[in-house]
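Working notes, structure below.
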Amino acid sequence: KQEVTQIPAALSVPEGENLVLNCSFTDSAIYNLQWFRQDPGKGLTSLLLIQSSQREQTSGRLNASLDKSSGRSTLYIAASQPGDSATYLCAVKGIPGNTPLVFGKGTRLSVIA
Amino acid sequence: GAVVSQHPSWVICKSGTSVKIECRSLDFQATTMFWYRQFPKQSLMLMATSNEGSKATYEQGVEKDKFLINHASLTLSTLTVTSAHPEDSSFYICSASSSGGASYNEQFFGPGTRLTVL
Chain A
85 KQEVTQIPAA LSVPEGENLV LNCSFTDSAI YNLQWFRQDP GKGLTSLLLI
135 QSSQREQTSG RLNASLDKSS GRSTLYIAAS QPGDSATYLC AVKGIPGNTP
185 LVFGKGTRLS VIA
Chain B
19 GAVVSQHPSW VICKSGTSVK IECRSLDFQA TTMFWYRQFP KQSLMLMATS
69 NEGSKATYEQ GVEKDKFLIN HASLTLSTLT VTSAHPEDSS FYICSASSSG
119 GASYNEQFFG PGTRLTVL
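Going down the list, the sequences are from chains A and B.
Start counting the first sequence at 85; every next residue gets the next number (my numbering).
Start counting the second sequence at 19; every next residue gets the next number (my numbering).
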């Protein structure tokens, strides 16, 4: 059974810092991996989706990498801003592609102005 | 991206009553819908998977007679919490995916429904 782990559970950084969030998964046979953002009391916002054949995806200040063989993904946030404060969730979709996403517990990020 | 709506966004009910939550895919046909539950400061836990026209498949530990799921059309799935109790209070999030098109198998999430049972 797929298990997804996110480290650290919480992170507090000053504004402007670059930071890395880590995600690991136990079964490397994945269809894709996705990073989400969740604000308190709200739903999910999809940030980046990496297909199993891809190594990374970029969107603005965000860059996500995928090393399928080692079961790891990282989310890099450049020049962090207070508006980036939220919980970031990593989720993995297994094979076949219609299996459900399995989520990690998330990293709660606080960016201090 | 595709849009998924949920209704209601929040609901408060008395213990023992039933609550129905609707999940709609607004601009695509959802062959598969997933229902997740999220307790405070916890991650999303899958409750069940439903394919249009078929019975839902429930995860271990989820009571199928308590959480009734209907996926009668390609754009609508409902989750009914029967005889709700305070321990059922949670954030319920649906997700929908299609089996075709450019977003093949990508899951799109609804905004969630916060259920509080008094």
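Glycine residues also receive a C-beta, built at the ideal position from the N, C-alpha and C atoms.
Computed from a predicted model, the values in this text were never measured in an experiment.
A distance below 8 Å separates the beta carbons of Q122(A) and L173(A). S61(B) counts as buried, since no fewer than 16 other beta carbons sit within 10 angstroms of its beta carbon. CA-CA distance, V104(A) to A20(B), rounds to 29 Å. Along the region 88–110 of chain B, there is no position whose C-beta sits under 7 Å from a C-beta of chain A. The secondary-structure analysis by DSSP pairs Y160(A) across a beta bridge with V104(A), N147(A). In the DSSP assignment, P98(A) falls within the unbroken beta strand (DSSP E) covering 94–98. Exposed is the label assigned to E101(A), since fewer than 16 other Cβ atoms lie within 10 Å of its Cβ. The Cβ-Cβ distance between S157(A) and S149(A) falls below 8 Å. Following the DSSP letters along the chain, one finds A48(B) in no beta strand (DSSP E), marked with neither H nor E. Closer than 8 Å to the CB of E40(B) there is not a single CB belonging to chain A. Ranked by Cα distance from Q86(A), the first of E140(A), F109(A), S137(A) is F109(A). Chain B places a beta carbon closer than 8 Å to that of N182(A), counting this residue as a contact. Per the C-alpha coordinates, the member of H103(B), P129(B), S43(B), S108(B) positioned closest to A90(B) is S43(B).
One alpha carbon belongs to A113(A), the other to N88(B), and they sit about 31 Å apart. Interface flag for L133(A) against chain B is set, since a Cβ pair is found closer than 8 Å. For F187(A), the C-beta contacts it makes with chain B under 7 Å involve S61, L62, in order along the chain.
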